[in-house]
Amino acid sequence: MSLTVTPAAYDVVVIGGGPAGAAAATFLQRQGHRCVVLENTQFPRYHIGESLIPHTYGTLDRLGLLPKLRASHFPVKHSVRFVSPSGEESDPFYFSETIEGDGARTWQVLRSEFDVLCLEHARENGVEVRTQTQCQTVIFDEAGQACGVLAKPRGGEAEEISCRVVIDASGRSTVIGSQLDLKTDVAGLDKAAVWSYYRGAKRRPGIDAGETTVFMIQDRGWFWYIPLPNDMVSVGVVASPEYLFAEDSDFEAAYSREVAKCGPLQEMLTAATRDDRIHGLRRMAYRNRQTAGDGWVMIGDAAAFLDPIYSSGLFLALASAELAAGCIHDALVADDVSAQRLGGFTRPLWNGIEVIRRLIHAFYDPSFSFHKFVERYPEQRSALIDCLVGDVVEKDMSGFLEALAQMTPVPQPVTDTSPEIKV
Ligand SMILES: Cc1cc2nc3c(=O)[nH]c(=O)nc-3n(C[C@H](O)[C@H](O)[C@H](O)COP(=O)(O)OP(=O)(O)OC[C@H]3O[C@@H](n4cnc5c(N)ncnc54)[C@H](O)[C@@H]3O)c2cc1C
Numbered sequence: 194m195s196l197t198v199t200p201a202a203y204d205v206v207v208i209g210g211g212p213a214g215a216a217a218a219t220f221l222q223r224q225g226h227r228c229v230v231l232e233n234t235q236f237p238r239y240h241i242g243e244s245l246i247p248h249t250y251g252t253l254d255r256l257g258l259l260p261k262l263r264a265s266h267f268p269v270k271h272s273v274r275f276v277s278p279s280g281e282e283s284d285p286f287y288f289s290e291t292i293e294g295d296g297a298r299t300w301q302v303l304r305s306e307f308d309v310l311c312l313e314h315a316r317e318n319g320v321e322v323r324t325q326t327q328c329q330t331v332i333f334d335e336a337g338q339a340c341g342v343l344a345k346p347r348g349g350e351a352e353e354i355s356c357r358v359v360i361d362a363s364g365r366s367t368v369i370g371s372q373l374d375l376k377t378d379v380a381g382l383d384k385a386a387v388w389s390y391y392r393g394a395k396r397r398p399g400i401d402a403g404e405t406t407v408f409m410i411q412d413r414g415w416f417w418y419i420p421l422p423n424d425m426v427s428v429g430v431v432a433s434p435e436y437l438f439a440e441d442s443d444f445e446a447a448y449s450r451e452v453a454k455c456g457p458l459q460e461m462l463t464a465a466t467r468d469d470r471i472h473g474l475r476r477m478a479y480r481n482r483q484t485a486g487d488g489w490v491m492i493g494d495a496a497a498f499l500d501p502i503y504s505s506g507l508f509l510a511l512a513s514a515e516l517a518a519g520c521i522h523d524a525l526v527a528d529d530v531s532a533q534r535l536g537g538f539t540r541p542l543w544n545g546i547e548v549i550r551r552l553i554h555a556f557y558d559p560s561f562s563f564h565k566f567v568e569r570y571p572e573q574r575s576a577l578i579d580c581l582v583g584d585v586v587e588k589d590m591s592g593f594l595e596a597l598a599q600m601t602p603v604p605q606p607v608t609d610t611s612p613e614i615k616v
């Protein structure tokens, strides 16, 4: 008796049409793989996470998105500046200190527009995009290999879509992580955030107009101040939930109190009016114990989110999309979508994430000071800037991490247990 194997409807189903999903689908479709992106919402939709870091440049370039960004009205970001609770300002950290040319600048993006740009670009590259379509569950065969999804269009019937690889790019919804119970806390990173938007706030002159300003508050909390188009500024506060919600538990009260308390920020907001509701998250950090399996991978926030301090979220979303797309392409060509082959990207990615994680812990360590670190290890200043611009993946940062360990405790290790490719 001969068995007939029904071919999969798609090579790749991508859950989520955010930057990670759109980028991965674009790379794979271009290499000749049939991709469909399922996006729950109707774009444009609101999203937090507006500040890019320079090391997104390479991926944006390879995607072909740079001309669209250059033509956009997004403020250009050349630097980051830190302001102490008393108003003492650091010199701006200009990215041009370590990066030559065009890649030394990046953008502050309005996500409702940036995400449309990425998803439309995927469509222009031949990707099928179904918006208002929710992936309800990932389907696994008897051997435990992902082989499709159950997708429900708004107002329609749920439908099974078969494929050879499922990419989970569902952001904080973490579709596979929730389904397989892989999601866990990140020890020592338990920050909350509350944020809103102002119109008419102050901008700095010249090339500093688009900088990110970080206003430090007590208890190692901080504000981001991110200039956006249309005279808007994104202003958010990050701190421990115990500190932020000690006096009252609602977002509105915590936000108003902290904005009123931060003198240097008040100075920037003198002539501004708040132009949106207050948004918040009580606990931001999480990760999955495994980020690739037979027939599936997780990328971007679907895999992990640590902390917004270094604005690394979009960089990691795009970098993981590109690295994963490389492994998925090889796996499809070799007709081997095992976890070992698909997960080949997880080790270099997590090595890079580990550097960022160590630096996040350092930032929140009250006894640590970047100033003193650079004073004691001047040879590590450029490595520090590499971290701030996102240049940490597939790079030897061991000297930097050893120096860091001399000045701040090494946090508990975090491991991704995805099987690695065997060569
Ligand atoms: C407070 C805060 C501040 C931040 N600031 C920054 C910053 O300044 N810079 C930065 O780079 N990053 C920042 N980030 C992180 C950034 O927002 C994320 O890293 C980034 O959006 C991840 O992109 P993504 O494509 O992985 O996920 P997302 O952009 O979240 O996209 C996921 C998509 O999946 C869709 N989806 C979800 N579930 C389903 C489903 N079941 N079926 C179909 N579709 C689904 C969603 O609708 C969404 O469109 C911040 C995060 C927080 C919490």
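All residue numbers for the sequence shown refer to this note's numbering, where the first residue is 194 and numbers rise by one.
All residues carry an ideal CB built from backbone N, CA and C; glycine is no exception.
As the structure is a prediction and not an experimental result, all values here were calculated from the model.
- Message: Is residue 232 near ligand 1 - that is, is its Cβ less than 7 Å away from at least one heavy atom of it?
- Response: Annotation for residue 232 indicates a beta carbon within 7 Å of some heavy atom of ligand 1.
- Message: Can you determine whether any heavy atom of ligand 1 sits closer than 7 Å to the C-beta of residue 510, and answer yes or no?
- Response: Checking every heavy atom of ligand 1 against the Cβ of residue 510, one is found closer than 7 Å.
- Query: Going by the C-beta, is residue 341 closer than 7 Å to any heavy atom of ligand 1?
  - Reply: Checking every heavy atom of ligand 1 against the Cβ of residue 341, none is found closer than 7 Å.
- For residue 553, the first and last residue of its enclosing alpha helix (DSSP H): Unbroken alpha helix (DSSP H) run through residue 553: 539–557.
- Message: Could you tell me the alpha carbon to alpha carbon distance between residue 387 and residue 438, rounded to whole angstroms?
- Response: Rounded to whole angstroms, residue 387 to residue 438 spans 10 Å at the Cα level.
- Should residue 252 go down as buried or exposed, given a rule of 16 or more other Cβ atoms within 10 Å for buried? By the 10 Å Cβ count, residue 252 comes out buried.
- Message: Closer than 8 Å is the cut-off here; do at least three beta carbon pairs connect the region 318–328 with the region 338–354?
- Response: Verdict: yes, contact present.
- Bridge partners of residue 203, per DSSP? According to DSSP, residue pairing for residue 203 in a beta bridge involves 356.
- Task: Answer yes or no: do residue 288 and residue 271 have a C-beta to C-beta separation smaller than 8 Å?
- Result: Cβ distance < 8 Å, so residue 288 and residue 271 count as in contact.
- Message: Would residue 278 and residue 419 be called neighbours here (beta carbons separated by less than 8 Å)?
- Response: Cβ atoms of residue 278 and residue 419: not closer than 8 Å.
- Spatial distance of residue 532 from residue 490 (CA atoms): Linking residue 532 to residue 490 through their CA atoms gives a straight-line distance of about 8 Å.
- When 582, 523, 569, 498 are compared against residue 543, the one with the closest alpha-carbon: The shortest Cα separation from residue 543 among 582, 523, 569, 498 belongs to 498.
- Query: Which residue or residues does DSSP assign as beta-bridge partners of residue 361?
  - Reply: Beta-bridge partners of residue 361 (DSSP): 208, 491.
- Please state whether DSSP places residue 444 in a helix, a strand or coil. Residue 444 falls in the helix class under three-state DSSP.
- Message: For residue 224 and residue 522, I'd like the C-alpha separation in whole angstroms.
- Response: Straight-line Cα distance between these residues: approximately 7 Å.
- Item | alpha helix (DSSP H) runs wholly inside the region 268–326, at least 4 long, in chain order | DSSP runs (the alpha helix (DSSP H)) wholly in the region 268–326: 304–317.
- Please classify residue 638: is it buried, with 16 or more other beta-carbons within 10 angstroms of its beta-carbon, or exposed? Given that the chain is displayed from residue 194 to residue 616, the structure contains no residue 638 and the question cannot be resolved.
- What are the partner residues of residue 333, as DSSP defines its beta bridges? BP columns for residue 333 point to 339.
- From the DSSP output, in three-state form, read off residue 386 for me. Per DSSP, reduced to three states, the secondary structure at residue 386 is strand.
- Would you say the beta carbon of residue 275 comes nearer than 7 Å to a heavy atom of ligand 1? Not under cutoff, so the answer is no.
- Query: Who pairs with residue 486 in a beta bridge, going by DSSP?
  - Reply: Partner(s): 489.
- Item | Closer than 7 Å: residue 243 CB and nearest ligand 1 heavy atom | Remark: the shortest separation between the CB of residue 243 and any heavy atom of ligand 1 falls under 7 Å.
- When DSSP builds the beta bridges, which residues end up paired with residue 430? According to DSSP, which records beta bridges pairwise, residue 430 is partnered with 387, 416.
- Query: Can we count residue 316 as close to ligand 1, meaning its CB is less than 7 Å from some heavy atom?
  - Reply: Not one heavy atom of ligand 1 is found less than 7 Å from the C-beta of residue 316.
- Alpha carbon to alpha carbon, what distance is there between residue 595 and residue 615? Residue placement at residue 615 cannot be trusted, given a pLDDT of 42 that sits under 50; the coordinates are not used to answer.
- Going by the beta-carbon positions, is the gap between residue 389 and residue 301 smaller than 8 Å? Here residue 389 is not near residue 301, since their CB atoms are 8 Å or more apart.
- Query: Where do the N-terminal and C-terminal ends of the alpha helix (DSSP H) with residue 507 fall, by residue?
  - Reply: Note, residue 507: alpha helix (DSSP H), 506–527.
- Other residues of its chain near residue 212: CB distance less than 8 Å, five sequence neighbours each side excluded: Counting only Cβ-Cβ distances below 8 Å, and skipping sequence neighbours, we find 307, 308, 311, 493, 507, 510, 511, 514.
- Item | Chain-order list of residues whose beta-carbon lies under 6 Å from that of residue 215 (same chain, five-residue window excluded) | Once the five neighbours on either side are set aside, the close Cβ partners of residue 215 are 311, 312, 315.
- Task: Assign residue 319 to buried or exposed, taking buried as 16 or more other Cβ atoms, counted over all protein chains shown, within 10 Å of its Cβ.
- Result: For residue 319, the number of other beta carbons within 10 angstroms of its own is below 16, and it is reported as exposed.
- Verify the contact flag: residue 310, CB atom, against every heavy atom of ligand 1, threshold strictly below 7 Å. Taking 7 Å as the cut-off, one finds no heavy atom of ligand 1 near enough to the beta carbon of residue 310.
- Item | Check whether residue 416 and residue 426 have beta carbons under 8 Å apart | Not a contact, by the Cβ cut-off of 8 Å.
- When every heavy atom of ligand 1 is checked, does at least one fall within less than 7 Å of the C-beta of residue 475? Incorrect: residue 475 has no Cβ contact closer than 7 Å to ligand 1.
- Buried versus exposed, by CB contacts within 10 Å (16 or more), residue 603: Burial call: exposed.
- Query: By DSSP, does residue 164 sit in helix, in strand, or in coil?
  - Reply: This structure does not reach residue 164, given that the chain is present from 194 up to 616, and the question cannot be answered.
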